[in-house]
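>
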Amino acid sequence: MKITFLGTAAMVPTKTRNHPGILFSYKTENILIDCGENIQRQLSIIGFSSAKITKVLISHWHGDHSLGLPGLIQSMSTNNYNKELEIYGPKNSDIFVKNIISAFLLENKIKFKVKEARNKFYESKDFILESLPVKHTADCLAFSFVEKPMRKINISYLKKFNLKKDPIIGKLQKGQDIAYKGRKIKAKDATYIVPGKKITYITDTLLTPNCIKIAKDADLLICESTFASDLKEKAKEYFHLTAADAALIAKKAKVKQLILTHFSQRYNNPSIFEKEARKIFKNTILAKDFMTIEL
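See the structure below:
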């Protein structure tokens, strides 16, 4: 799985930080999480076609997280997007999308469906998408991508049966016992389970129990850090997190790594966020536009 940061600013973009957006690529899925202004250009810079996007997750409908959506839909229409785009967001997202289509006079040439992302809102054979509400000035969601456990083949064990390449191995991967050349091979001996990865995204919220709940045991937590603690009262006023808040979530949720994003334009030197967070949670790094993480 690959995570590309398309925008790491807060409400006001800067010369080096675009409005929020993250591209999450996993097998045949390309999930865009939030869609701030200029996302199309950011995708173009990394050489990624919007025609490959399969899902869009909108945390909330404030402009810095969603104003790139009308342009994205328009480009998809022009580029003959041939899939059904899935758009997920908080309650009433269908109304917001309908208003966007109307306000921007978009010719609706692509197929899409809009659904409320509530609790476990999507499941495939490989992964689950989950959400929980957080506390902002608009209805806002935190998201988790949860990869399902995978059954791997114990190659050294199969060597005892001189079984290397054969379609029958597929049954073992499904947890089924097999018979090979008159000998029984049990799936529990010939395979082992590898836990899946968990990625959590939290943005635009006060520190609430749901932040810790949705991030619990995540391999990677991507979390807003709009303010440093020097402006913690302003953070509360605007319903945002500080770097220390994000680090506290990471510590209490027992995540493996924290990446801070969504920085206020007030700060010329973002290292203040990293320094503050690492006092509480050591494995913290700062996101920057076009940074990629592979897991």
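Residues -8 to 286, numbered by our numbering, are exactly what the sequence shown covers, in order.
Just so it is clear, CB atoms sit at the ideal spot from N, CA and C, and this is done for glycine as well.
From Tyr72, Lys102, Lys279, Leu60, pick the residue whose C-alpha is nearest to that of asparagine 90; which is it?
Within the sequence shown, the letter at position 99 stands for residue 90. For asparagine 90, the nearest C-alpha among the options comes from Leu60.
> Name the DSSP bridge partner or partners of phenylalanine 118?
The residue labelled residue 118 in the question sits at position 127 within the sequence shown. Phenylalanine 118 is bridged to Glu138.
> If you draw a straight line from the alpha carbon of tyrosine 72 to that of isoleucine 36, how long is it in whole angstroms?
Within the sequence shown, residue 72 is the residue found at index 81, counting from 1. Within the sequence shown, residue 36 is the residue found at index 45, counting from 1. Straight-line Cα distance between these residues: approximately 20 Å.
> From phenylalanine 15 to glycine 173, what distance separates their C-alpha atoms?
In the sequence shown, counting from the first residue as 1, residue 15 sits at position 24. In the sequence shown, counting from the first residue as 1, residue 173 sits at position 182. Computed Cα separation, rounded: 46 Å.
> Whether or not the region 117 to 135 and the region 144 to 159 are in contact is what I'm after, with contact meaning three or more pairs of Cβ atoms, one per stretch, closer than 8 Å; do they touch?
Cβ pair count under 8 Å is below three, so no.
> Assuming asparagine 9 and glutamine 31 form a contact by the criterion Cβ under 8 Å, report the distance between their Cβ atoms to the nearest whole angstrom.
Within the sequence shown, the letter at position 18 stands for residue 9. Within the sequence shown, the letter at position 40 stands for residue 31. Actually they are not in contact, since the Cβ atoms of asparagine 9 and glutamine 31 sit about 11 Å apart, beyond 8 Å.
> Identify the continuous alpha helix (DSSP H) that holds alanine 237 and give its terminal residues.
The residue labelled residue 237 in the question sits at position 246 within the sequence shown. Per DSSP, alanine 237 belongs to the alpha helix (DSSP H) from 234 to 244.
> So isoleucine 144 packs on isoleucine 160, CB below 8 Å; how close in whole Å?
Reading the sequence shown from its first residue, position 153 is the one you call residue 144. Reading the sequence shown from its first residue, position 169 is the one you call residue 160. So it is a contact: roughly 6 Å between Cβ atoms.
> List the DSSP bridge partners of leucine 23.
To locate residue 23, count along the sequence shown from 1; it is residue 32. Bridge partners of leucine 23: Leu14, Val47.
> Any chance the region 201 to 214 sits against the region 164 to 182, with 3 or more Cβ pairs inside 8 Å?
No, the region 201 to 214 is not in contact with the region 164 to 182.
> As a quick exercise: from Ile64, Tyr17, Gly12, pick the residue whose alpha carbon is nearest that of leucine 48.
Translated into the one-based positions of the sequence shown, residue 48 becomes position 57. Cα-wise, what sits closest to leucine 48 is Gly12.
> Is the number of C-beta pairs between the region 174 to 181 and the region 96 to 113 that are closer than 8 Å three or more?
No, the region 174 to 181 does not touch the region 96 to 113.
> Alpha carbon to alpha carbon, how far is valine 246 from lysine 126? Give it in angstroms, no decimals.
Within the sequence shown, the letter at position 135 stands for residue 126. Within the sequence shown, the letter at position 255 stands for residue 246. Roughly 21 Å between the two C-alpha positions.
> What residues match up with threonine 182 in a beta bridge as DSSP calls it?
Stepping through the sequence shown from its first residue, residue 182 is reached at position 191. Per DSSP, Ile144.
> For my contact list, leucine 123 and lysine 204 are in at a C-beta cut-off of 8 Å; report their separation, rounded to the angstrom.
Here residue 123 corresponds to residue number 132 of the sequence shown, with the count starting at 1. Here residue 204 corresponds to residue number 213 of the sequence shown, with the count starting at 1. Confirmed, about 6 Å.
> I'd like the list of long-range same chain contacts for leucine 197, defined as Cβ closer than 6 Å, with 5 residues on each side in sequence excluded.
Reading the sequence shown from its first residue, position 206 is the one you call residue 197. Closer than 6 Å at the Cβ level, and outside the excluded window around leucine 197, lie Lys126, Phe230.
> Answer with buried or exposed for proline 81, where buried requires no fewer than 16 other C-beta atoms within 10 angstroms of its C-beta.
As a first step, residue 81 is located in the sequence shown; it is residue number 90 there, counting from the start. Buried: at least 16 other Cβ atoms inside 10 Å.
> Taking the straight line between their C-alpha atoms, what separation do you get for methionine -8 and glutamate 98?
As a working mapping, residue -8 is identified with position 1 in the sequence shown. As a working mapping, residue 98 is identified with position 107 in the sequence shown. Each residue's alpha carbon lies about 33 Å from the other.
> In the DSSP assignment, what residue or residues form a beta bridge with leucine 132?
Counted from its first residue, the sequence shown places residue 132 at position 141. In the DSSP output, where bridge partners are listed per residue, leucine 132 has Pro124.
> Rounded to a whole number of angstroms, what is the C-alpha to C-alpha distance between aspartate 288 and histidine 56?
Look at the range of the chain in this structure, -8 to 286, and you will see that residue 288 is not part of it.
> Going along the chain, which residues of its own chain have a beta-carbon closer than 7 Å to the beta-carbon of alanine 235, five neighbours each way excluded?
Against the sequence shown, residue 235 aligns to sequence position 244. Here the set comprises Ser220, Glu267, Ala268, Ile271.
> For the alpha helix (DSSP H) that serine 278 lies in, which residues bound it at each end?
Within the sequence shown, numbered from 1, the residue matching residue 278 stands at position 287. Note that residue 278 is alanine in the sequence shown here, rather than serine. That residue, alanine 278, is in no alpha helix (DSSP H); it is neither H nor E in DSSP.
> Ignore the nearest five residues each way along the sequence and tell me which others in alanine 226's own chain have a CB closer than 6 Å to its CB.
Here the question's residue 226 lines up with position 235 in the sequence shown. The residues are Phe218, Thr233.
> Can you name, in chain order, every residue of its own chain whose Cβ lies under 8 Å from the Cβ of lysine 242, other than the five neighbours on each side?
For the purposes of this step, residue 242 is identified with residue 251 of the sequence shown, where counting begins at 1. Hits under 8 Å: Ile271, Phe272.
> Let me know if valine 88 comes out buried or exposed under the rule of 16 or more other beta-carbons within 10 Å of its beta-carbon.
Taking the first residue of the sequence shown as 1, we reach residue 88 at position 97. With 16 or more other Cβ atoms within 10 Å, it is buried.
> Throw me the rounded Cβ distance for the isoleucine -6 and threonine 283 pair, which I believe falls under 8 Å.
The residue labelled residue -6 in the question sits at position 3 within the sequence shown. The residue labelled residue 283 in the question sits at position 292 within the sequence shown. That belief holds up - the Cβ atoms of isoleucine -6 and threonine 283 are roughly 7 Å apart, short of 8 Å.
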